[in-house]
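Enquirer:
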Amino acid sequence: MTDRTGTVVSSGGAPPLLTASGITKRFGATRALSDVDLVVAAGERVAIMGENGAGKSTLMKVLAGVHSPDAGSITLDGAPFAPRSPDDANRAGVSIVYQEPSGFPHLSVLENLWMGRQPTRRGRLDRGAMRDEASALLDRLGLPARLLGRKMGDLSLADQQQVLIARAISMRAKLLILDEPTSILTATEADRLFALVDQLAGEGTGICYITHRFDELERVADRFVVLRDGRNAGETHEADREALLAMMGSSGEIEVDRAGHLVAETSTTEAPTGGHGGGAVMLEAHGLTAHGAFAGVDLQVRAGWISGLYGLVGAGRTELAMALFGEHRIDAGEVTYRGVPYRPRSSRDALARGIAYLPEDRRTQGLLPHMTVGENLAAASLAVLTRFGVLSRAREAALVKRWSDDLAIKAQGSGAPITSLSGGNQQKVLLARLVATEPTVLMLDEPTRGIDVATKSEIHRRVRELAAAGAAVLVISSEMAEMLTLADDVTVLHEGRVTARLSGEQITEQAILRAATGVAA
Amino acid sequence: MSAVTVTGPSRSPALVALERVQSLLLPALLIGEVIVFALLSSRFLSADNLVNVAVNAADIALIAAGLTVVVLMGGIDVSTGYAVGLISWFLATLMSSGTPGALTLIVALIGGALLGLLNGLLTARLSIPSIVATLGTSALFQTALFALWNRRDVFSGPVLPFLSGSERAAGVPLMLLVVLVVYAALHLVLVGTRVGRSVFAIGSNVEAARLAGIDVRRVRLLGSLVLGLLVGLAACTYLARVGVVQASSGGELSLLAIASVVVGGTSILGGEGSVLRTLGGVVFIALLENGIVLAGVPSLWNGLLVGCVILLAVGVNGAVVLLRRRSGVAE
Amino acid sequence: SGCSETQSSTTGESAAANDGGTRVAFVSQVEGIPYFNGFDAGAQRAAEEFGVEYEQAGPATVDATEQVRILDNLVSQGFDAIAISPLDPTSINSSITRAQDDGVQIATSDADAPDSDRSVFVSQASDEQLGATVMDQLADATGGTGQYGIISGSADSATFNAWIDAAEAQAAAEYPDMELVGGIRYTTDTAQALEEAQNLMTAYPDLAGIIAVPSTAVPGVGQAVTTADKIGTVAVTGFGSPQTAAPFLESGAMTSTVLWNVEDLGYLTVWALAQLVEGNEFAAENEVPGLDEPVTYDEATGILLLGEPSVFTAENYADYDF
Amino acid sequence: MSAALRDRRVVLLALIAVAMVAMSLISPYFLNTGNLLSLLQYSAVIGLLALGQTLVILGGGGGIDLSIGSTLSLCSVVFGLLAVNGGLNPWLAALLTLVVGALLGLVNGGLITGLQLPPLIVTLGTLYLFSSAANVLSDGVDINGFDRAGFSTIGQTSIAGVPFQVLCVLIPAFVIGAFVMQRTVFGRRVYQVGSNERAAGLVGVDVKRIRLSLYVIASTLAAVGAIVTASWLLNARPTAGTGFELQAITIAVLGGTAITGGTGRLSGTFLALLLVAVLNSGLQLAGVGSTYQIGLLGAVLIVSMLVRSRSQTAQPAL
Ligand SMILES: Nc1ncnc2c1ncn2[C@@H]1O[C@H](COP(=O)(O)OP(=O)(O)OP(=O)(O)O)[C@@H](O)[C@H]1O
Ligand SMILES: Nc1ncnc2c1ncn2[C@@H]1O[C@H](COP(=O)(O)OP(=O)(O)OP(=O)(O)O)[C@@H](O)[C@H]1O
Ligand SMILES: [Mg+2]
Ligand SMILES: [Mg+2]
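Chains as they are written, first to last, in my numbering: chain L, 303 to 823; chain P, 14 to 344; chain F, 2 to 323; chain D, 33 to 350.
#1: Looking at the unbroken beta strand (DSSP E) that takes in F/Ile304, where does it start and where does it end?
#2: Along chain P, in chain order, which residues have C-beta atoms closer than 7 Å to that of D/Val168?
#3: Ignore the nearest five residues each way along the sequence and tell me which others in L/Gly656's own chain have a CB closer than 8 Å to its CB.
#4: Does D/Asn267 come out as helix, strand or coil in the three-state DSSP assignment?
#5: What is the DSSP secondary structure of P/Gly200, counted as helix, strand or coil?
#6: In terms of residue numbering, what span does the beta strand (DSSP E) encompassing L/Ser359 cover?
#7: Secondary structure at L/Ile814, three-state DSSP: helix, strand or coil?
#8: Could you tell me the alpha carbon to alpha carbon distance between L/Ala468 and L/Met362, rounded to whole angstroms?
#9: Any C-beta of chain F sitting closer than 9 Å to the C-beta of D/Pro270?
#10: Any Cβ of chain L within less than 9 Å of the Cβ of P/Ser211?
#11: Please tell me whether P/Ala214 has its Cβ less than 9 Å away from any Cβ of chain L.
#12: Would you decide whether D/Asn312 is buried or exposed? Buried here means 16 or more other CB atoms lie within 10 Å of its CB.
#13: Quick one: list the residues of chain L neighbouring P/Gly226, beta-carbon separation under 9 Å, in chain order.
#14: Tell whether a beta-carbon distance below 9 Å holds between L/Thr793 and L/Ala802.
#15: Confirm the yes/no value for this check: CB of L/Leu529, any heavy atom of ligand 1, distance under 8 Å.
#16: With a threshold of 8 Å (Cβ to nearest heavy atom), would L/Glu353 be considered close to ligand 1?
#17: From which residue to which residue does the alpha helix (DSSP H) around L/Val737 run?
#18: Is the distance from the Cβ of L/Gln865 to the Cβ of L/Leu445 below 9 Å?
#19: Mind checking L/Pro318: buried by the 16 CB within 10 Å criterion, or exposed?
#20: Just to check, is the beta-carbon of L/Phe526 closer than 8 Å to a non-hydrogen atom of ligand 1?
#21: Please return the same chain residues whose Cβ sits closer than 7 Å to the Cβ of P/Val229, not counting the five positions on each side in sequence.
#22: The region 297–323 of chain D: which residues have C-beta closer than 7 Å to a C-beta of chain F, in chain order?
#23: Give me the chain P residues within the contact set of L/His630, using Cβ-Cβ distance strictly less than 7 Å, ordered along the chain.
#24: Count the other C-beta atoms from every protein chain shown that fall within 10 angstroms of the C-beta of F/Val214, then say buried if there are 16 or more, exposed otherwise.
#25: Just the chain F side, please: which residues come within less than 7 Å of P/Ser54 by C-beta, in chain order?
#26: In or out: L/Gly562 buried (at least 16 other Cβ within 10 Å) or exposed?
#27: Using C-beta distances below 7 Å, list every residue in its chain close to P/Ala78, excluding the 5 sequence neighbours before and after it, in chain order.
#28: Would you mind stating whether D/Leu306 and D/Tyr61 have Cβ atoms separated by less than 9 Å?
#29: Let's see if you can read the secondary structure: which residues bound the beta strand (DSSP E) around F/Ser311?
#30: State yes or no: is the C-beta of L/Ser410 within less than 9 Å of the C-beta of L/Arg452?
#31: Can you list, in chain order, the stretches of the alpha helix (DSSP H) that have 4 or more residues and sit fully within the region 232–277 of chain P?
#32: When Cβ atoms are compared, which residues of the region 150–161 of chain D fall closer than 9 Å to chain P?
#33: So with Cβ pairs under 9 Å, would you call P/Ser151 a contact of chain D?
#34: Would the C-beta of L/Asp372 count as close to ligand 1, meaning under 8 Å from any of its heavy atoms?
#35: Among the candidates L/Leu440, L/Pro407 and L/Pro483, whose CA atom is the shortest distance from the CA of L/Met454?
#36: Kindly say whether P/Val342, judged by its beta-carbon, lies nearer than 9 Å to any beta-carbon of chain D.
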């Protein structure tokens, strides 16, 4: 492990391709990047690591001209580099595959590959050239040329992702940024990508590679740069998991040595629930299948118990939880609630039964952005606040006060717009929204994604208390540390199938990761 | 799993059938329409009648062509009708004061461009939702026309002979050729140039378009400009056809132009469609309005048929999208 | 209509009006057609002549509700007498009653509301005469035989419907060889009238004539006949003001247009309003200073009749500025 | 709710005050007509439509009802046919008209939520459909000859100087509407759906049903408007609502309703209605023609949007 420094000289000893120093970027109240440095040499493969929300994507978007930094400077090939648009950056030789899919669903694959930079001849698109080069590109990724005529929106997400990768590669950039490119690719597809990355690096292209998958680290990177809470947290040339996890770990509370940690945790706060298998089975799934998402899943959620559901992004965890919540199609299998057959039909049904779900994407699935803190908090509890359809303001105020105090939400009154809160407090409001319905089953999908350390541990504490008070909790997380601290048992999904069911001493990082990457399966 | 398998979700037979219906709907309706009207009236297919229909539909066709560009980017414009009226007033006034036709045509284009840029400024630059902005400018154009008109109908001949229905080559009005040239040019630009493809990209996914380095605002502004120019041209053909400008001239064109675009099958949400489909929509509506008169249907039934066709066209579209979503094809 | 150029004068004068001068007003059917400009011109002339103040207003589009609003508004402005040309014969009635109760004299002019409490209807010419005259004109041009079409305005205009009924009655009585084809075509604007006319000519290639009823349809039909190269083959007549029809009378696309002297109608209306304010009764026959012919009054129906319809042709249209 | 919205209503109030002062300076009759309240008489019908339009837009998802004027026309004709040609008691006819209005809303809402079609296009289609149906049913002519006694109460009487249709229809509609929107579960659900339909779905809201009911409410209000018009003018016309759709949208947006949904209040719409009424009345008194009033409204709309888009961060253009 090297200390954080702005002057790391890369392996080759050549002058660096790219130097970014002192990069700072704020989004309103959130500080996504603070004084971050990054150096990439030509032909070097650098992995950017860090937990969700650490600022990886933001840093890459700064390099790619999407965001302009609030402070800091960048040089590319020794010359100052301040791209004002993605187009600028492209021209200068930086290309990127974004984490979020950014294709054009209505247009053909061919067009998606070339949009914004189509070759022209006398003002007209040179389709022949476009097609020739595109076929060659697809070939490098092992995709058939007939894909070119298909509509992007008709492809699977993995294929869409590969198209976007092909697009980035085709720019023959000096610096190629890949932001979690393999999260939805199969092993074969990923392998082909790695080979391509090697080849490009061999030709002198600098690579920035973001991933959460430890198993591919050695394969893709020469150097590992870790971000934590928007700052440099260190870097290393060794793909040493323990060391990397230690750098990434956002708080001292999380120990890498899970066994010892768990003992400490369970012996104190979780004593009442842990260790004895929990109470009655509240929600149970048998052979649950939704084509294209998950298949043959068995799952139990028990009172007074925290079940973990782990998997890599795209494993189908969200769909599974949504299905139990009545918001995703179920093709086969059974669900029982308190031992009685239950056919989840809608979120309304589920909520009425006491099954609550915290969605993974706060912004698009949780927040009601035009409404106040109070209105957001009470959103799922309206039924108990009304008589003949009329809201009781007094009872609403009481409910809002009770739960915002309970979760220590920091806001300028319950009448403040929800958008005026920090991300962490917004997340607390959403959690309070669920807790206020006094549910018997709580499904939390990425409950602490992208929020600060202090809030994270507060939420963890509160979740344990809820379980201790008798709630059946299901926690979905992509964060290993969160699994290790919170879960009493862990179910691991890989490509929609359960690959491991772990409890007690079986819950080790290795076991989880192996199952999640399909090695154990 | 082999990487070579393209993992597109399978399509249900119902979806495949419906998609075919969707793509064939307009041609089928057109053919059906022609057959029905031809049976009901022997004059329907006469050259004279078809020429009339073409000449009368020229202004709608020109507006709808430009509107398609705006709609493809997810916008809308409800001010085109009064814009035509307003420009026509200037044209008629210039013509009756003896200004040469060529100069007047330039004024028409400049006038149209200015009005288009005004809308573009409000929507693309100042980020006012296009329906609201153009509602506002429509009211302004209407009032401006009224004020200028100032109690005097202005009569005028055609701006240039080739922009009127009377000038013909081999029986085909030159005006029709102008319209076809506009459509062909616009089609080629939309399909075959970078900026044309950007229009589709913006309508399909604005954010991705921005990330792909497309100057979204500029393309939007350009779209409004193109619409404006075509509105200017439409004012010329409108004037040539009607011959007089009155206080509320042109107002009726706005909704008809939108209807033509929609019946043609361009998605109001942007990203999908083409000017050629719009041309189909224009022809369909023009023939419908003509045919029902020839067939002796009372004129009050006009709107009923237009309304039904719009609903049928979007209904089929909607059913396809719905089935697609149900069978899990990513949108 | 309340347009810019009258505006300054009326607002200037309205202050003076509080000093006791007589103020009268007229509510037209719609702003923005030359017809009511002619009315305004005559009315202004009369206002000068008889020492009253005159103002004219009308809705932006053909909208009965808006007319009610404008009438009520004028009443609350303290006008002494107001004339209105109602778009439909009933919707204005309660406003008229209320105004009369408030002591404001209300007349109808140009179009009537027969069941209302209006004091008098200043009629340009009877609907029967107008309809019959236009039919006579058409028959004259076509030799009394052949197919003809009628292009009207909005279907719910009572005045147009009355003229059309009268024209059809005249045809039935006098010209049995004339045949109405295509039904009555309702249109909203000039461009649509043009299309309807073209379509009529296409559907009925032997068409001998067209009657264009509203003044918006007149230029449309004239234009259609011109472009179809049917000047002389298809006779066009209608109820357009002479200036609206001018280019077509000139080119022969229209044989004639039937109306009345709108300026005189405006003139007479102001005179009648002045009489109402003074409290004068109308005689069976009235000499109106400034009008050539005496004006008849029918006590039973309360109709003051300007006279016979006028027929405008290529020879005389230039004498009229409306 | 948000500071910008509070601003909007304050801005409207200020504008109304300025307009009142200006109008009373321009025309000596503006204030001494004695019954400023009767200003609203002409706006009662358009107010009902603007109320419905506000609700539809608030519900988000591109919600808009272009057919609202045609709905009024069709309801007007239905009422006329029932009451005059059918000889029904006008009150019974009114009741049936409300049902027809609701059904027309069901057509719009059903196509929009059921087939997930864009509201702009569906209601453009029904704009043609309904108004043409009104013409066909009535043969294009207006229907009159209503039983004057009793039924004309709605449109023709006033209580303490306030027209009945304002005091007993318009104001109650807004008061009830505001109560529903601010104090009931339904109202809260509408805001939730308009603010973020995905999030609303996940807190147990039946998004489609809420939106469907908004279209039904808007159309039913248009039917009320048709009845008020019929009682007031004692005739029923197939063109009774022509052109009202754009006015209703203008007033709703002017009142601070974001066209993208989720933001806006009925009190804002009411103030916008008031402003438009004051402007129209004042300008009419000053002898400014109706067409100029339309233009002024357009200008006010654009300027108010400019102020808005400045105060808000990058609102997406549609
Ligand atoms: N456009 C934006 N507006 C506001 N906040 C943002 C924006 N983009 C990122 N953020 C915030 O900045 C922080 C860093 O986000 P970023 O996406 O860079 O994290 P990340 O390390 O890429 O996480 P992940 O592993 O989940 O992709 C987060 O708190 C995020 O919420
Ligand atoms: N059919 C689909 N259309 C669009 N996006 C999809 C689809 N299926 C999955 N996704 C997106 O892909 C990502 C991963 O899918 P999924 O929700 O199945 O996995 P997951 O195990 O819940 O992973 P995570 O919760 O970490 O995203 C999610 O962000 C989801 O929104
Ligand atoms: Mg990221
Ligand atoms: Mg997920």
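Yeah, the Cβ is synthetic: ideal placement off N, Cα and C, and Gly gets one too.
Keep in mind the model is a prediction, meaning the values are calculated, not measured.
Expert: Reading off the structure:
#1: Unbroken beta strand (DSSP E) run through F/Ile304: Ile304 to Leu306.
#2: Leu313, Trp314 and Leu317
#3: Thr739, Glu740, Pro741, Thr742 and Val743
#4: strand
#5: Residue 200 of chain P is actually His in this sequence, not Gly. P/His200 falls in the helix class under three-state DSSP.
#6: Unbroken run through L/Ser359 is the alpha helix (DSSP H), Lys358 to Leu365; no beta strand (DSSP E).
#7: helix
#8: 18 Å
#9: By the rule that beta-carbons nearer than 9 Å mark a contact, D/Pro270 touches chain F.
#10: yes
#11: yes
#12: buried
#13: Gly367, Ser387, Pro388, Asp389, Asp390, Ala391, Asn392, Arg393, Met417, Gly418 and Arg419
#14: yes
#15: yes
#16: yes
#17: Looking at the DSSP string, the run of the alpha helix (DSSP H) that includes L/Val737 is Gly725 to Val737.
#18: In the structure as shown, chain L begins at 303 and stops at 823. Residue 865 of chain L is therefore absent and cannot be evaluated.
#19: buried
#20: no
#21: Ile215, Val219, Ala222 and Arg223
#22: Ser313, Gln316, Leu317, Ala318, Gly319, Val320, Gly321, Ser322 and Thr323
#23: Neighbours of L/His630 on chain P: none; closest Cβ ~11 Å, over 7 Å.
#24: It counts as buried.
#25: Those are Ala204, listed as they occur along chain F.
#26: Low confidence applies here, because L/Gly562 scores a pLDDT of 33, under 50, leaving its location unreliable; read the following figure in that light. Exposed, because fewer than 16 other Cβ atoms sit within 10 Å of the Cβ of L/Gly562.
#27: Cβ neighbours of P/Ala78 beyond the five flanking positions: Val195, Tyr196, Leu199, Leu243, Val288 and Thr291.
#28: no
#29: Ser311 to Phe313
#30: yes
#31: 266–277
#32: Pro150, Leu152, Ile153, Val154, Leu156, Gly157, Thr158, Leu159, Tyr160 and Leu161
#33: yes
#34: Outside the cutoff, so no.
#35: L/Pro407
#36: For P/Val342, the predicted model reports a pLDDT of 46, less than 50, meaning its position is unreliable; a value from the coordinates is still stated below. Output row for P/Val342: interface = no.
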